[in-house]
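S.K.:
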Amino acid sequence: METAEESPHQSIDVLFLGAGLWSCLMACKLLEAQPHLRITVLEQSEDPSAHRRTWSFHQSDLDVNQLPPEWMDEFKPLKWPGYQINFPARKRRLSIGYRMISSDSFYQKARKLLGNNLITNAAVSEVSENRVLLKSGKSYHAPLILDGRGLSNHSYPRGYQKFLGLQIKVKERHNQQEPILMDVTVPQHDGFRFVYTLPLDDKRLLVEDTYYANGPELDMKTLQQGIEAYCHRQGWQDFEIEDQESGVLPIPLWSKDSWLKETAIEGQSLTHVPIGMRAGMFHPTTGYSIVAAMTSAYWLTQQDFSEPQAVAVALRRRQQEMWEKGAYYRRLNNMLFLAGDASTRYQVLQKFYGHPVDFIGRFYGQRLKWFDKLMMLTGKPPVPLLAGLAAFFSPMREAYELPSIK
Ligand SMILES: Cc1cc2nc3c(=O)[nH]c(=O)nc-3n(C[C@H](O)[C@H](O)[C@H](O)COP(=O)(O)OP(=O)(O)OC[C@H]3O[C@@H](n4cnc5c(N)ncnc54)[C@H](O)[C@@H]3O)c2cc1C
954 METAEESPHQ SIDVLFLGAG LWSCLMACKL LEAQPHLRIT VLEQSEDPSA HRRTWSFHQS
1014 DLDVNQLPPE WMDEFKPLKW PGYQINFPAR KRRLSIGYRM ISSDSFYQKA RKLLGNNLIT
1074 NAAVSEVSEN RVLLKSGKSY HAPLILDGRG LSNHSYPRGY QKFLGLQIKV KERHNQQEPI
1134 LMDVTVPQHD GFRFVYTLPL DDKRLLVEDT YYANGPELDM KTLQQGIEAY CHRQGWQDFE
1194 IEDQESGVLP IPLWSKDSWL KETAIEGQSL THVPIGMRAG MFHPTTGYSI VAAMTSAYWL
1254 TQQDFSEPQA VAVALRRRQQ EMWEKGAYYR RLNNMLFLAG DASTRYQVLQ KFYGHPVDFI
1314 GRFYGQRLKW FDKLMMLTGK PPVPLLAGLA AFFSPMREAY ELPSIK
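Here the sequence shown stands for residues 954 to 1359, where the numbers follow my numbering.
In structure tokens, the structure reads:
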């Protein structure tokens, strides 16, 4: 059932499809910045916050020239001044601020800001020039349609970052002050494996078993047992599981094709523009998109909506630039997934974390300079040299399937 406030014939300036991270963030920020705009968000589910997510990012990902540092504070991010990484041959604390916004606090605020502009139980079935048809038969019209319906079946060649995370509450204080971004002292299987731990408060932790794997399969039961065993090894003997989250994020390989090719087909109309995961607007190495969502939402608030077509054209150009900027990272993904044995993949990251902290900040912020790019490819290679170079320079074919590994 659609909500009572819905009126298919009301005038709308910007229509967002899907109430995921991108649509909601853009719609909220646009309403705050340009309150005269009539904005509607259509979401298929009853409750877009039903699937829990924790959205993390490095503070240094944000270019202060692009985005005021406090811009996301209304969504109540947790903040830590640094984090730890633990590899078999490298332990290090990095003084890079780390941030996390939980989907609970995000949607709590988003619901308030969006009010009746958010329409749930509204599954979109067709989109054509300026018109959206719902499965219920109702239709909406708008001069600009931003399509944030998430990732659909997409055949672009990829590896995966996949994980199960448990939120645990320990009986006594856990005394962990900062995140452990990667604990790689765990047995390696199914590709590059690490445990990621975020201290949420004195007694709560999010503990995620994560894999850079060739395939998307997640064996939840085995993963849960593995996380519980890890918690016990950390000395957290007495805990209860309060919540959990899981994800399978695409890690695109380098190909001559573009992610945008497929979404461009369905988005032929000039004013129907895909956004977010659907448009390949995410970090090629982590699969994360919150930083791209923030900077793109900020950019959107600066646009003049009296000419919706011009906004659509500028947004498509922005997507194209973002995708092209990711090419070097996708080539590195080829090296990670295709060169060397999967069980030694962790060595690539172990070498990476030996670099200066500024460089690491620039890497995650996608602001690498030419000498950074060169530095990453020099020194003692963590993968066999020839296989590494071949992987770096060979484009993948569309729908290329990585071989399965144990
Ligand atoms: C557990 C988990 C943890 C993550 N952690 C991080 C992190 O730490 N940092 C980070 O940056 N990223 C993280 N990510 C990735 C991040 O969540 C995605 O990049 C982001 O959600 C993509 O946003 P989106 O708006 O493009 O799509 P989504 O957030 O997937 O939203 C798509 C929305 O469209 C709706 N929809 C789909 N089809 C229709 C339809 N036909 N009609 C109407 N509505 C429809 C869906 O119901 C959904 O609400 C994580 C993902 C998961 C699953």
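Idealized CB from N, CA, C, for every residue including glycine.
In this text the structure is predicted, and so the values were computed from the model without any measurement.
1. If you reduce the DSSP assignment to three classes, tell me which class P1261 lands in.
2. May I ask you to list the residues that DSSP assigns as paired with I1194?
3. Quick one: give me the first and last residue of the beta strand (DSSP E) that R1157 is part of.
4. Work out the CA separation of S964 and L1159 for me, nearest whole Å.
5. Once you ignore the five residues that flank A957 on each side, which residues in its own chain have a CB closer than 7 angstroms to its CB?
6. For G1035, which residues in the same chain have their Cβ closer than 8 angstroms to its Cβ, ignoring the five residues on either side in sequence?
7. Quickly, what does DSSP pair R1111 with across the bridge? List them, please.
8. Quick check: the region 1139-1151 against the region 1194-1207, are there 3 or more CB pairs under 8 angstroms?
9. State the DSSP-derived secondary structure class of Q1256, mapped to helix, strand or coil.
10. Could you give the distance in angstroms between the alpha-carbon of L1253 and the alpha-carbon of M979?
11. Provide the residue span of the alpha helix (DSSP H) that contains N1286, from first to last.
12. Less than 7 angstroms between the CB of A1003 and some heavy atom of ligand 1, yes or no?
13. Could you give the distance in angstroms between the alpha-carbon of G1305 and the alpha-carbon of Y1165?
14. Does the distance from the CB of M1025 to the CB of I992 come in under 8 angstroms?
15. Going by CA-CA distance only, name the one from L1151, S1105 and S1092 that's closest to I1121.
16. Just the Cα atoms here: how many angstroms apart are E1082 and D1000?
17. Since L1176 is in the alpha helix (DSSP H), which residue starts that stretch and which ends it?
18. Mapping DSSP to helix, strand and coil, what is G1220?
19. Taking 8 angstroms as the cut-off, decide whether the C-beta atoms of G1112 and F1346 are in contact.
20. Under 7 angstroms from any heavy atom of ligand 1, does the C-beta of S1199 make it?
21. Using CA atoms only, rank isn't needed, just tell me which of L1097, V1077 and D1100 is closest to G1090.
22. Could you give the DSSP three-state label for L1321: helix, strand or coil?
23. Give a single yes or no on whether F1235 has its beta carbon closer than 7 angstroms to a heavy atom of ligand 1.
24. If we call anything under 8 angstroms between Cβ atoms a contact, is L1031 one with P1022?
25. May I have a chain-ordered list of the beta strand (DSSP E) segments no shorter than 3 residues that lie completely inside the region 1069-1104?
26. G1101 and G1229 - do their beta-carbons sit closer together than 8 angstroms?
27. Which parts of the region 999-1074 are runs of the alpha helix (DSSP H), unbroken and 4 residues or longer, counting only runs that do not cross its ends?
28. Using the three-state DSSP reduction, which class does G1200 fall into: helix, strand or coil?
29. For V994, list the residues DSSP reports as bridge partners.
30. Would you mind stating whether R1186 and T1163 have Cβ atoms separated by less than 8 angstroms?
31. Given 8 angstroms as the limit, is there contact between the region 1199-1212 and the region 1232-1250, that is, 3 or more CB pairs closer than that?
32. Per DSSP, T903 is paired with what?
33. If you reduce the DSSP assignment to three classes, tell me which class F1235 lands in.
34. Around the Cβ of R1284, are there at least 16 other Cβ atoms within 10 angstroms (buried) or fewer (exposed)?
35. Roughly how far, in whole angstroms, is the beta-carbon of A1250 from the beta-carbon of K1065, given that I think they are within contact range, below 8 angstroms?
36. Report the three-state DSSP secondary structure of V1226 (helix, strand or coil).
M.R.: Checking against the coordinates, here is how it stands:
1. helix
2. I1121
3. Per DSSP, R1157 belongs to the beta strand (DSSP E) from R1157 to A1166.
4. When rounded, the distance between both Cα atoms is 43 angstroms.
5. The pLDDT assigned to A957 is 36, lower than 50, so where the model puts this residue is not dependable, and the model offers no usable value.
6. R1046, L1047, S1048, I1049, G1050, Y1051 and E1131
7. P1205
8. Segments in contact, no.
9. Reduced to three states, the DSSP call for Q1256 is coil.
10. 7 angstroms
11. A1280 to L1291
12. no
13. Checking the sequence, you will find Phe at residue 1305 rather than Gly. If you take the alpha carbons of F1305 and Y1165, they lie about 15 angstroms apart.
14. Contact flag unset, no.
15. L1151
16. The straight-line gap from Cα to Cα measures roughly 28 angstroms.
17. M1173 to R1186
18. Interpretation of G1220 is limited by its pLDDT of 49, a score under 50 that renders its predicted location unreliable; the figure taken from the coordinates is listed afterwards. G1220: coil per DSSP, three-state reduction.
19. no
20. yes
21. V1077
22. DSSP, read as helix, strand or coil, puts L1321 in coil.
23. yes
24. One thing to note: L1031 has its Cβ no nearer than 8 angstroms to the Cβ of P1022.
25. 1077-1081, 1084-1087, 1092-1094 and 1097-1100
26. yes
27. 1056-1067
28. strand
29. F969 and L1071
30. no
31. As far as the Cβ criterion goes, the region 1199-1212 touches the region 1232-1250, which means the pair count is three or higher.
32. Because the chain spans 954 through 1359 in this model, residue 903 falls outside it and cannot be assessed.
33. It is coil, neither helix nor strand.
34. buried
35. Not a contact, Cβ separation roughly 17 angstroms.
36. strand
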